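Undergrad: So the number in my numbering is just where the residue sits in the sequence shown, counting from 1, plus 38.
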Amino acid sequence: QGYGSLVNISSGAHAGAPAMGVYGGSKGAAASLTYSWAMDCAGTKVRVNAITPLGNTKMVDIGSDYAKSKGMAGGILSAPIPPERNAPVMSFLLSDAAAGINGQIVRIQDTSLSLMTHPSVWHPAQDRGEWTTETVREAFEKDFSKRQLPMGIVAIEGKLQEYASPVKKT
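1) Using a Cβ-Cβ cutoff of less than 8 Å, which residues in the same chain neighbour residue 130 once the five nearest sequence positions on both sides are dropped?
2) Is residue 108 helix, strand or coil when you go by DSSP?
3) Assess contact between the segment 49 to 68 and the segment 161 to 170, defined as three or more Cβ pairs (one per stretch) separated by less than 8 Å. Is contact present?
4) If we count the other Cβ atoms within 10 Å of its Cβ and call it buried at 16 or more, is residue 150 buried or exposed?
5) Tell me the DSSP secondary structure of residue 139 in three-state form.
6) Taking 6 Å as the limit between beta carbons, can you name the residues of its chain near residue 177, skipping five residues before and five after?
7) Quick one: what's got a C-beta closer than 7 Å to residue 142's C-beta in the same chain, skipping five residues either side?
8) Whose CA, out of 170, 190, 49, lies closest to the CA of residue 67?
9) Does the segment 72 to 91 touch the segment 99 to 110, meaning 3 or more C-beta pairs lie closer than 8 Å?
10) What's the call for residue 42, buried or exposed, on a 16-neighbour Cβ count within 10 Å?
11) Give me the Cβ distance between residue 185 and residue 140, rounded to the nearest whole Å; I'm assuming they're in contact under 8 Å.
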């Protein structure tokens, strides 16, 4: 028909979550497909986005129990979230009102709505004629060690947990 909207289902776990590697990896694939398909469809009237819905499921209960057993504050959910909380995001992205939105991963978590960041190469890069183990070590000592980003969905949401930081606290 020449136009339309695809909305994939991903998860914030695609950014990393403890004990959820396989699940996060599968949702990371959905996120990557979203980015690639959106670029493939650029310039057409077909747009591709994704949502990372959150609801009260058995998997969330298990993940919350695991987080609590490891001393991680709060777990994943603070209160049960009915599926109806996710429906407005899906409805909007499928509607003509979202015509200018393409390649986005929209996170809905209870009363919060946000965008997930896109993976990319962080510039400036360092350039050398040839890399050796020693020059790689120097690049990390002088620059890259200071530019490491915290890992995981918890870090992205500003609730940095000990496991989410690449740099040990002193």
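Each residue gets a CB set at the ideal place from its N, CA and C atoms; glycine is no exception.
If you're wondering where the values come from, they're calculated on a predicted model, not measured in any experiment.
TA: In brief:
1) Short of 8 Å from the beta carbon of residue 130, and not among the five residues preceding or following it, lie these beta carbons of its own chain, in chain order: 136.
2) Under the three-state reduction of DSSP output, residue 108 falls in the coil class, being neither helix nor strand.
3) Under the Cβ criterion (8 Å, minimum of three pairs), the segment 49 to 68 does not count as touching the segment 161 to 170.
4) exposed
5) coil
6) 164
7) 87, 153
8) 49
9) no
10) exposed
11) Contact doesn't hold; Cβ gap of about 29 Å is too wide.
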